[in-house]
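Visitor:
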Amino acid sequence: MSKSKYQPTNIKTRSTTNKNQTTETTTTTTTKTSSSGTSNNFKTWTSEQVNQWALELDLGDEIATFLKNYDVCGKYLGTLTPNLLREYGLKISFAGALLSAIKKLKKTPRSHDIIYLGLPKLNSMSLSKSRPSINSSHNPAKISVKELPIFDNLKIIKNFPSLIWCLYYATNNSLKWASENDISQLVVTVLRDVIQSLELASKITCQSEVTVNGLIPDIWVLTYDGIPIGVVEVKKPSNVDPTEANEEMENLQVHGQIYDYMLLLSRTYGQKNVFGIVSTYAQWRCYWLYDTFIDMAESVSKPNIMLPYIPIPLIKGSNKKDSTFTPMSREFFATKVYNYNNPDLLKLLANVIYHMYNTGFVHIDLIKKTHFINALEDSMIWVKFSSPLAYNFKFPNLGSIQKVFLIQDLGGGAHGKVWLSCDQKGNVFVLKFFKNHFNNNAENESLLWKKIWGIETKVRIFINNKSLMMPYLKPLSEEDWDDTKIQICINESVKKFISAGYYHLDIKKEHFGKYQSKPGNLHIVFFDLSSVKNITNESMQSKKLYHQKMLDSIKIISQESGCTATPTTTSSSLRSQKTLNIQPSSNIVTEKIKLKKVEKLDHFKIFINPTLETSQLIKRLKLIKKDGNRIVFYFLHRTITIVSKLLFDIFCVFFF
Numbered sequence: 001m002s003k004s005k006y007q008p009t010n011i012k013t014r015s016t017t018n019k020n021q022t023t024e025t026t027t028t029t030t031t032k033t034s035s036s037g038t039s040n041n042f043k044t045w046t047s048e049q050v051n052q053w054a055l056e057l058d059l060g061d062e063i064a065t066f067l068k069n070y071d072v073c074g075k076y077l078g079t080l081t082p083n084l085l086r087e088y089g090l091k092i093s094f095a096g097a098l099l100s101a102i103k104k105l106k107k108t109p110r111s112h113d114i115i116y117l118g119l120p121k122l123n124s125m126s127l128s129k130s131r132p133s134i135n136s137s138h139n140p141a142k143i144s145v146k147e148l149p150i151f152d153n154l155k156i157i158k159n160f161p162s163l164i165w166c167l168y169y170a171t172n173n174s175l176k177w178a179s180e181n182d183i184s185q186l187v188v189t190v191l192r193d194v195i196q197s198l199e200l201a202s203k204i205t206c207q208s209e210v211t212v213n214g215l216i217p218d219i220w221v222l223t224y225d226g227i228p229i230g231v232v233e234v235k236k237p238s239n240v241d242p243t244e245a246n247e248e249m250e251n252l253q254v255h256g257q258i259y260d261y262m263l264l265l266s267r268t269y270g271q272k273n274v275f276g277i278v279s280t281y282a283q284w285r286c287y288w289l290y291d292t293f294i295d296m297a298e299s300v301s302k303p304n305i306m307l308p309y310i311p312i313p314l315i316k317g318s319n320k321k322d323s324t325f326t327p328m329s330r331e332f333f334a335t336k337v338y339n340y341n342n343p344d345l346l347k348l349l350a351n352v353i354y355h356m357y358n359t360g361f362v363h364i365d366l367i368k369k370t371h372f373i374n375a376l377e378d379s380m381i382w383v384k385f386s387s388p389l390a391y392n393f394k395f396p397n398l399g400s401i402q403k404v405f406l407i408q409d410l411g412g413g414a415h416g417k418v419w420l421s422c423d424q425k426g427n428v429f430v431l432k433f434f435k436n437h438f439n440n441n442a443e444n445e446s447l448l449w450k451k452i453w454g455i456e457t458k459v460r461i462f463i464n465n466k467s468l469m470m471p472y473l474k475p476l477s478e479e480d481w482d483d484t485k486i487q488i489c490i491n492e493s494v495k496k497f498i499s500a501g502y503y504h505l506d507i508k509k510e511h512f513g514k515y516q517s518k519p520g521n522l523h524i525v526f527f528d529l530s531s532v533k534n535i536t537n538e539s540m541q542s543k544k545l546y547h548q549k550m551l552d553s554i555k556i557i558s559q560e561s562g563c564t565a566t567p568t569t570t571s572s573s574l575r576s577q578k579t580l581n582i583q584p585s586s587n588i589v590t591e592k593i594k595l596k597k598v599e600k601l602d603h604f605k606i607f608i609n610p611t612l613e614t615s616q617l618i619k620r621l622k623l624i625k626k627d628g629n630r631i632v633f634y635f636l637h638r639t640i641t642i643v644s645k646l647l648f649d650i651f652c653v654f655f656f
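Sequential numbering of the sequence shown, starting at 1, is according to full-length UniProt numbering.
Here it is as structure tokens:
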């Protein structure tokens, strides 16, 4: 293999040394085979390995010559007996030394070391004989076959218990499978073995990944400290014991799928040198994006996604000028196909994973970003704009949007995946993909947006999956949550939610957002409506309990005062208030007067009343100006009152 300029000495590598553990190591550049590099499961040895083992014995030259003449491999080594050796003409002294060495071999515990045992053979498919699935959402890509640059002196530990071999022995020396999911588990088990051999098991994890459109078909990612560092695509094999590359390993759409997800690591997470793996377990191929590896000198260990300054979105207003873009060239690099029994396979995988681990990152500045995923109805493709987009965060007309571009992954949950998106003009919105696109989750959530908040959304198909287009709402900051007026607005939002006949089962602070119907007129809503319970037919008492539960879950105290900016919405929602039972907001001036009245309450009555509950007292305190001296005085005053009453009661008990 050719060497790359990208060497461990030129980069800031993460430490992989365990000071408390001493392990035997080997290097990937070693080509000589010796008994120290031979599995002690001698029955798997070739005649050449048997010969090299014999050379290290006493009288080894003569014994090795004898074994070579009869082409003895490991399978027959254990069958040799004194009578057989005598019949073959081996001298007694040589025969004694050979038989003694074989006896010692048999007593040596069998190694489960994957580096020297290789991979166990996969059984034939036990059920359906269907062909491997090919994801049609990804456009074809071309590869240039090259040798992967390797690390010099890569340390790999030996003689650790291999998970894949333990599984093989535990299932009666077989690896049975019936689906692509079974193959995925076997592939991941092999990768975990390789990670363990690099002493990186505490640092690198393998996890299934929700894809761009929210589905989990065949993609796994390797992560370090929560950041993706490599992507793995798994297909079931069309042939479990191939002599040449199977059709799925040469499929251009399979190349296209791994290309799209590798580019995602580069353009979304800022990874400099990106690597990927495609495997059917029976065969393996490794990929990388760039011919010349990028220097790690100015890289960072963890990327920072730098968002532009986002104003509080307004209801109306959109950009009108289209920006120009072109599809990206879909060409990258790959190794040849390696069969499961190729002696170089495990060393290749160790190098790829070590490359992933040692890659660096750059910060992502969304203002300067020019590469995006163009989400079409039945596919996705990476495109490049001629210049950065001018983002507009005002509510766009979702029904008129023709072209959709995914800006940044906002994360996912139990129900799907969410993307910050825009159109060709830079008008920003949010696109939510649903994991189960055969049900009506998208339509139901769209109806809830309209019924509860009066906000228009749109259900459409992108990348062969049902999705919900929603306006972008600016999430509440920590400062917002400390603002008393914002807390009152949140109270009103929860009250509105309950009044509409719904209870949120999983409300969280990160689900709250704000926007403006006009400058200075703030509205607050919570935008994740995937876990909602209908409580229309519940009693008023039950609704009050639901209201309090929602407030408790976000640690907000119930307020009686109105919000200075109640979460009413668009003009269309105001027109539909009568049918949707949405009450119009109170006048801002009136609400300010109410707050002043609260601040001028008779504080003596508040604190002198011993029957006042502590929770009620705290609620009142939230509405009082934060004057430290006054609050201390009132607390002392009330404490003295309560103690006095208690002493009076004790006096009455003992003397009357």
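C-beta atoms are modelled at their ideal positions from N, C-alpha and C, and glycine is treated no differently. All of these numbers come straight from a predicted model, not from anything done at the bench.
Tell me which residues share the same chain as residue 384 and place their Cβ nearer than 7 Å to its Cβ, disregarding the 5 neighbours each side in the sequence.
Guide: Excluding residues within five positions, the ones whose Cβ falls inside 7 Å are 325, 326, 328, 370, 371.
Visitor: When the Cα of residue 226 is compared with those of 381, 45, 411, which residue comes out closest?
Guide: The shortest Cα separation from residue 226 among 381, 45, 411 belongs to 411.
Visitor: Can you tell me where the beta strand (DSSP E) with residue 318 in it begins and where it stops?
Guide: Looking at the DSSP string, residue 318 is not in any beta strand (DSSP E), and its letter there is neither H nor E.
Visitor: Could you tell me the distance, in whole angstroms, from the CA atom of residue 245 to the CA atom of residue 234?
Guide: Each residue's Cα considered, the two are about 15 Å apart.
Visitor: From what residue to what residue does the alpha helix (DSSP H) around residue 226 run?
Guide: From DSSP, residue 226 is part of no alpha helix (DSSP H); its letter is neither H nor E.
Visitor: Compare the C-alpha of residue 373 against each of 366, 382, 367 and name the closest.
Guide: Nearest of 366, 382, 367 to residue 373, Cα basis: 382.
Visitor: Please report the distance separating the alpha-carbon of residue 154 from that of residue 229.
Guide: Straight-line Cα distance between these residues: approximately 19 Å.
Visitor: In three-state terms, what does DSSP make of residue 66?
Guide: Looking at residue 66 - three-state DSSP - the assignment turns out to be helix.
Visitor: DSSP three-state label for residue 338, please.
Guide: Three-state result, residue 338: strand.
Visitor: Is residue 498 buried or exposed, if buried means 16 or more other CB atoms sit within 10 Å of its CB?
Guide: Classification of residue 498: buried, given that the 10 Å Cβ count is 16 or more.
Visitor: Apply the 10 Å Cβ neighbour rule to residue 249 and answer buried if 16 or more other Cβ atoms are within range, or exposed otherwise.
Guide: Buried, by the Cβ-count rule.
Visitor: From the DSSP output, which residues share a beta bridge with residue 460?
Guide: Residue 460 is bridged to 467.
Visitor: Determine, using beta carbons only, whether residue 137 and residue 331 come nearer to each other than 8 Å.
Guide: Cβ distance not < 8 Å, so residue 137 and residue 331 don't count as in contact.
Visitor: Given that a residue counts as buried once 16 or more other Cβ atoms are within 10 Å of its Cβ, and exposed if not, what is residue 647?
Guide: Its Cβ having fewer than 16 others within 10 Å, residue 647 is exposed.
Visitor: Taking the C-alpha atoms as reference points, what is the distance between residue 288 and residue 477?
Guide: Roughly 39 Å separates the two Cα atoms.
Visitor: Which residue wins for smallest C-alpha separation from residue 211, given the options 433, 181, 104, 86?
Guide: With distances taken between Cα atoms, residue 211 lies closest to 433.
Visitor: Could you check which residue in 321, 140, 220, 57 has the C-alpha nearest to that of residue 104?
Guide: Cα-wise, what sits closest to residue 104 is 57.
Visitor: By DSSP's criteria, residue 233 is part of a beta bridge. Which residues make up the other side?
Guide: For residue 233, which the question treats as bridged, DSSP gives the partners 219, 278.
Visitor: When the Cα of residue 95 is compared with those of 489, 201, 107, 82, which residue comes out closest?
Guide: Ranking the options by Cα distance to residue 95, first place goes to 82.
Visitor: My understanding is that residue 506 touches residue 531, with C-beta atoms under 8 Å, so please give their C-beta distance in whole angstroms.
Guide: Indeed, because the Cβ distance is near 4 Å, the residues count as touching under 8 Å.
Visitor: Output the boundary residues of the alpha helix (DSSP H) element that contains residue 76.
Guide: 74–77 is the span of the alpha helix (DSSP H), which, as asked, contains residue 76.
Visitor: Using the beta-carbon count (16 or more within 10 Å), is residue 52 buried or exposed?
Guide: The residue in question, residue 52, is buried, as its Cβ has 16 or more Cβ neighbours within 10 Å.
Visitor: Once you ignore the five residues that flank residue 508 on each side, which residues in its own chain have a CB closer than 8 Å to its CB?
Guide: These residues qualify, in order along the chain: 528, 553, 554.
Visitor: What does the alpha-carbon distance come out to for the pair residue 50 and residue 91?
Guide: About 19 Å.
Visitor: Are there 16 or more other CB atoms within 10 angstroms of the CB of residue 650, so buried, or fewer, so exposed?
Guide: Exposed, because fewer than 16 other Cβ atoms sit within 10 Å of the Cβ of residue 650.
Visitor: Could you tell me the boundaries of the beta strand (DSSP E) in which residue 143 lies?
Guide: Taken as a continuous stretch (DSSP letters only), the beta strand (DSSP E) holding residue 143 covers 142–145.
Visitor: By a C-beta neighbour count over all protein chains shown, 10 Å radius and 16 as the cutoff for buried, is residue 367 buried or exposed?
Guide: Per the 10 Å Cβ criterion, exposed.
Visitor: Does the Cβ of residue 141 have 16 or more other Cβ atoms within 10 Å, making it buried, or fewer, making it exposed?
Guide: When all chains shown are included, residue 141 counts as buried.
Visitor: Is it buried or exposed, residue 162, if we count other Cβ atoms within 10 angstroms and call 16 or more buried?
Guide: Buried, since its Cβ has 16 or more Cβ neighbours within 10 Å.
Visitor: Count the other CB atoms within 10 Å of the CB of residue 537; is the residue buried (16 or more) or exposed (fewer)?
Guide: By the 10 Å Cβ count, residue 537 comes out exposed.
Visitor: On the three-state DSSP scale, how would you describe residue 240?
Guide: If DSSP states are grouped into helix, strand and coil, residue 240 belongs with coil.
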